[in-house]
Amino acid sequence: MPSVTHFPVYLGPVDKLLEPFIEDEEEARKLIRHFLIFLDRTISDSYCHMNLGPEETRVGRMIVEIQKELWENAIPSMTLLYDPDITPDDFARTCVECALACAKPSFANHKEYSKLYTTPYGIASCYNALPIGGGAFTLSRIVLSRLAERAKDSEHLIHDLLPIAAKELCDYIEKKITFLVEETHFFKSNLLVQEGFVSLDRFTGMFGLVGMNECVNILIAKEGKSGTYGHSEEADAMAKRILDKLTTCMEGYESRFCDCTDHHFSLHAQVGIADDYSISPGVRIAIGDELPLHEHLLHCSQFYPYFKSGVGDIFPLRRDRQAQPRRHRRPDQGRLCPGHALLLYLWLLR
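What follows is the structure in structure tokens.
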């Protein structure tokens, strides 16, 4: 599935696509290795994303084992669609070991993501959960820290500036979609549409945000209070109020398009772009100011349910086999967001 970069951002459930063609496993392993190297050499875009699971397949296991050997290859990105009722523990453990070696695959809570759409979904690009056979018309974003710089205090931002900014951005997204659907010929003549690979009713608009950390800290300082985002209950409560208001604004805006999301845009916590300086991804605590890992994950769990089209967050994990050579490692699975789409599968020292 191509994107604005002209490179594919979604390769599909590659394990399931290739599994029926496996005859000789030794030969298959060799071909899959060449395939992964080919992708890394020919697609210069790390938004290129393949999905694995939730079932274990021979191809899926081969991909993970080979990717661990090719740990220096940045492309493609991978996500395991994890479901504790479907995904075998041994396969999940193999994926965790691979992730510790090369930071992939990522882990998606398949059980929860499956509830978002009436059609199958995929994880694409920078961790966007979107319907298969569709995707996102566009992604436009609001930089919350810049809005906070213009605000007198949190009340001014939440009740005055944020509704205006949200309405303007929604109008902008709608105009972009209108142009794409009505003035270009993509949905009339593109090969993907003509051959039935994508359809208009499976596309939505993505409303992105970044800089919650800086936004809250700026407002806390303007109000003469102490504490910072992630380290203060008052600061975190302010962030929730901002997201509650933003959600209300978005629910009050109806698009002529976006059938798959009931004619509303989908909120996305954006990772960011290369030109972002002093702007933290989505709702993440600023790098260098993080809480201890388990506390950081619990903090994130308060905010992830707002983002139906996904959150791409990276958390550093360390392992030291020599430090505790006799200690046994076991996988702990943690659904940190009850009722929502987050699963972080951690390899913890015991």
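Quick note on our numbering: the sequence shown kicks off at 64 and runs consecutively. Beta carbons: idealized from backbone N, C-alpha and C, even for Gly. Everything numeric in this text was worked out from a predicted model, so none of it was measured.
By the beta-carbon neighbour count (other beta carbons within 10 angstroms, threshold 16), Glu258 is exposed. Ile106 and Ile129 do not touch by the CB rule: their CB atoms are close to 17 angstroms apart, not below 8 angstroms.
Fewer than three beta-carbon pairs drawn from the region 221–238 and the region 343–362 are found closer than 8 angstroms, and the two stretches are therefore not classed as touching.
Sixteen is the threshold: since fewer than 16 other Cβ atoms of the shown chains lie within 10 Å of the Cβ of Gly315, the residue is exposed. Relative to the Cα of Arg319, the nearest Cα in the group Lys238, Lys371, Val256, Ser364 belongs to Lys238. Of the candidates Tyr180, Trp134, Met125, Phe378, the residue whose Cα lies closest to the Cα of Phe154 is Met125.
The straight-line gap separating the alpha-carbon atoms of Thr241 and Glu160 is approximately 45 angstroms. Nearest in C-alpha terms to Cys111, of all of Ile377, Lys167, Leu263, is Lys167.
In the structure shown, Leu202 adopts extended strand secondary structure according to DSSP, grouped into three states. Counted as a single uninterrupted DSSP element, the stretch harbouring Ser289 is not any beta strand (DSSP E), since DSSP gives it neither H nor E. Under a 10 Å Cβ-count criterion, Pro379 is classified as exposed, with fewer than 16 other Cβ atoms of the shown protein chains found around its own Cβ. Take the alpha-carbon of Leu263 and the one of Thr324: they are about 12 angstroms apart. Glu89 sits exposed, since fewer than 16 C-beta atoms from the chains shown fall within 10 Å of its C-beta. For Phe170, the enclosing beta strand (DSSP E) covers residues 169–172. Thr267 is bridged by DSSP to Ala199.
When C-beta atoms of the region 181–189 are compared with those of the region 71–78, three or more pairs fall below 8 angstroms, so the two segments count as touching. In terms of Cβ geometry, Met313 and His327 form a close pair [threshold 8 angstroms].
Boundaries of the alpha helix (DSSP H) harbouring Pro226: 225–241, taken from the DSSP string. Each residue's CA atom was taken as its position, placing Cys165 and Ile283 some 38 angstroms apart. The C-alpha of Leu210 is placed about 15 angstroms away from the C-alpha of Val346. In the three-state reduction of the DSSP assignment, Leu330 falls in the strand class. In summary, Ser289 is exposed, with fewer than 16 beta-carbon neighbours lying within 10 Å of its beta-carbon over all protein chains present. Three or more beta-carbon pairs drawn from the region 284–303 and the region 361–372 are found closer than 8 angstroms, and the two stretches are therefore classed as touching. In the DSSP assignment, Thr142 is bridged to Asn114, Ser169. Nearest to Ala187 by C-alpha distance, out of Leu115, Thr120, Cys158, Thr150, is Leu115. In this structure, Ala162 lies away from Gly373, with their beta-carbon atoms at least 8 angstroms apart. When the five nearest sequence neighbours on each side are left out, the beta carbons in the same chain lying within less than 7 angstroms of the beta carbon of Pro151 are those of Glu119, in order along the chain. Restricting attention to alpha helix (DSSP H) runs no shorter than 4 residues, the region 345–381 encloses them at 356–364, ordered along the chain.
Contact between Ile342 and Gly271 fails: their C-beta atoms lie close to 12 angstroms from each other, not under 8 angstroms. Rounded to whole angstroms, Glu86 and Thr311 show a C-alpha spacing of 53 angstroms. DSSP places Gly123 inside the alpha helix (DSSP H), whose first and last residues are 121–132.
Rounded to the nearest whole angstrom, the C-alpha separation of Ser252 and His357 is 50 angstroms. The Cβ neighbour count for Ile205, taken over all protein chains shown within 10 Å, is at least 16; the residue is labelled buried.
Counting other Cβ atoms within 10 Å of its Cβ, Phe200 reaches 16 or more and is therefore classed as buried. If you look at Ala192, you'll find it in the beta strand (DSSP E) that goes 191–194. Per DSSP, Gly259 has no beta-bridge partner at all.
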